[in-house]
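Heads up: the sequence shown begins at 3 in our numbering, then just goes up one per residue. All C-beta atoms, glycine included, are put in the ideal place defined by N, C-alpha and C. Please read all numbers here as calculations on a predicted model, not as lab measurements. Data block below; observations after.
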Amino acid sequence: MKNNMIQYLFLFLITMITVKSKEVSDINTTSLEEAQEVAILGGGCFWCTEAVFEKIGGVTDVVSGYAGGKSKNPTYKEICTGKSGHAEVIRITFNTKVLSYTKILEIFGKCHDTTTLNRQGADIGTQYRSTIMYLNETQKSIAEKWKQDFNKRLSSPVVTEIVEAPTFYVAEEYHQDYYARNPNQGYCNFVIRPKLKKLNLE
Numbered sequence: 003m004k005n006n007m008i009q010y011l012f013l014f015l016i017t018m019i020t021v022k023s024k025e026v027s028d029i030n031t032t033s034l035e036e037a038q039e040v041a042i043l044g045g046g047c048f049w050c051t052e053a054v055f056e057k058i059g060g061v062t063d064v065v066s067g068y069a070g071g072k073s074k075n076p077t078y079k080e081i082c083t084g085k086s087g088h089a090e091v092i093r094i095t096f097n098t099k100v101l102s103y104t105k106i107l108e109i110f111g112k113c114h115d116t117t118t119l120n121r122q123g124a125d126i127g128t129q130y131r132s133t134i135m136y137l138n139e140t141q142k143s144i145a146e147k148w149k150q151d152f153n154k155r156l157s158s159p160v161v162t163e164i165v166e167a168p169t170f171y172v173a174e175e176y177h178q179d180y181y182a183r184n185p186n187q188g189y190c191n192f193v194i195r196p197k198l199k200k201l202n203l204e
């Protein structure tokens, strides 16, 4: 009888510990999911913007891709013609306990030319346009306010478009983490690295 009672108590304790662990795990997972937000932005070559945001604390993921055009599942070759209508963009996932959407836009505004239409340096074409693709009305309102405020700081008008986020197509694998994988490539040396240094990110 005594042995049975000990076994019963042991099983009861194990069950309670398991349930408690599951509760804590569920709470942590839910909390983490609730703290995540996504932003889709285009500011010229996605190798550059990706490299910048991968250096920002609170950013948990950056994916290079295409959005805003007519064709489905576009390829880089199509994008380069400038005829697909798509822009090179990045999808940023960030922790809202560390970063706000407004802060994301502040960084976005500093890491590319917001005043030249369809051009970033030597990269020319609609695929390099400055664009904010909002995912909800809150993001839209924040983006519009950011543009209005940012305009006041510059001598030339901001040409960044603000549009509802269309389908996002993930770019080819070799575009992902491009700077991290190819730090000594020519474009990385002469365009991306100076930009990172200017922003005190390297």
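State the Cα-Cα distance for the pair R131 and E90, rounded to the nearest angstrom.
-> 8 Å
Closest by C-alpha distance to L201, when choosing among C113, G67, G46, S86 | C113
Write down the C-beta distance between F96 and I106 rounded to the nearest angstrom, noting that I regard them as a contact closer than 8 Å.
-> 6 Å
Please say whether G45 and L101 have beta carbons closer to each other than 8 Å?
-> no
From I94 to G70, what does the alpha carbon distance come to, in whole angstroms?
-> 16 Å
K66 - containing beta strand (DSSP E), residue span = Position check: residue 66 holds Ser in this sequence, whereas Lys was assumed. Where S66 is concerned, the enclosing beta strand (DSSP E) stretches over 61 to 69.
Assuming A124 and Y136 form a contact by the criterion Cβ under 8 Å, report the distance between their Cβ atoms to the nearest whole angstrom.
-> Actually they do not touch by this definition, with Cβ atoms about 29 Å apart.
Can you give me the Cβ contacts of T128 inside the same chain, cut-off strictly under 6 Å, excluding the 5 residues immediately before and after it?
-> G84, N120
Determine the DSSP secondary structure at N153, reduced to helix, strand or coil.
-> helix
Since T116 and V160 are thought to touch, with beta carbons under 8 Å apart, how far apart are those beta carbons, to the nearest angstrom?
-> 5 Å
DSSP state of T169 mapped onto helix, strand, coil = coil
In whole angstroms, what separates the C-alpha of H88 from that of T118?
-> 18 Å
N97 by DSSP, collapsed to three states: which one?
-> strand
Who are the Cβ neighbours of T162 in its own chain at under 7 Å, not counting the five residues just before and after it?
-> T116, S132, T133, I134, K149
In the DSSP assignment, find the beta strand (DSSP E) that holds A182 and state where it starts and stops.
-> Counting along the chain, A182 falls outside any beta strand (DSSP E), though it belongs to the alpha helix (DSSP H) covering 180 to 183.
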